[in-house]
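Q: So the sequence shown is residues -16 to 120, counted in this note's numbering. Below is a structure I'd like to ask you about.
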Amino acid sequence: MNKMREVAKLLGLEWDEEKQESEEFGIEDVKGKFKFNKKTLFDVYNDITYSSFVGYLLTEEYVIIEKSLKPKISDWYWSSNIMKVNEVIWQNNEIDNYRYDLGLVYKTMEEAKIRHAEIIEFLKSTKGAMNNETNQT
C-alpha cells in the first residue's frame, strides 16, 4: 500500500486526491519548489526526483519552509510590486502565473506588505550600490 499521501500529510502538506500529489513547498537551504507524488519527492520546475530527501524531511534534518499558494480560479489572493500591495482575483492567466513563479502570490495582506517592504529595501540598496559604482568610474 502506498504511503506517500500519509507522508505528505504528516509533514503538514495538503494532498490533491485528483492529481495524486501534494501542494508545492520549499525546503530550507535547498533551491527549488517541491511536491510529493504517489511515488517520490520531485522538483516541480526541473523534473528531478529527490527520494533521499524524504528521510531527511521525516527526521527533520531538512525543514519545509514554505507552502506555496496556487489559488483556484476566482480565488482572491494578495500580490505586491514596486508600486503597491493589491488584492487580485486568480484567473490562471499569464500575469497570475508570472506572479506565482516569482513568488509574489500571498494568502494575506500582511505577507504581501512584508514582501513589498523587502522589494523596496532591495531597490534602495541596489540604487546606492549602483551610484557608488558609477562614481568610481
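Here a beta-carbon is modelled for each residue, glycine too, at the ideal position from N, C-alpha and C. Because the structure is a prediction, the values reported are computed rather than measured.
Among the residues of its own chain, which have a CB less than 6 angstroms from the CB of GLU70, if the five just before and after it don't count?
A: These residues qualify, in order along the chain: TRP59 and TRP61.
Q: Where ARG(-12) and ASP26 are concerned, what is the direct C-alpha to C-alpha distance, given to the nearest angstrom?
A: 17 angstroms
Q: Let's test the definition: count the other Cβ atoms within 10 Å of the Cβ of VAL88 and tell me whether it reaches 16, buried, or not, exposed.
A: buried
Q: Just to confirm the assignment: which complete beta strand (DSSP E) runs, minimum length 3, are found wholly within the segment -10 to 68?
A: 8 to 10, 13 to 19, 24 to 26, 47 to 50 and 59 to 63
Q: Can you tell me whether LYS22 is buried or exposed, with buried defined as 16 or more other CB within 10 angstroms of its CB?
A: Per the 10 Å Cβ criterion, exposed.
Q: Does the segment 71 to 81 touch the segment 30 to 46, meaning 3 or more C-beta pairs lie closer than 8 angstroms?
A: no
Q: Taking only the alpha-carbon atoms, compute the straight-line gap between ALA95 and LYS67 and give it to the nearest angstrom.
A: 9 angstroms
Q: When burial is assigned at 16 or more other CB atoms within 10 Å of the CB, is LEU85 buried or exposed?
A: exposed
Q: Can you tell me whether ASP79 is buried or exposed, with buried defined as 16 or more other CB within 10 angstroms of its CB?
A: buried
Q: Residue range of the alpha helix (DSSP H) that TYR83 falls in?
A: 77 to 84
Q: What does the alpha-carbon distance come out to for the pair LEU106 and SER63?
A: 14 angstroms
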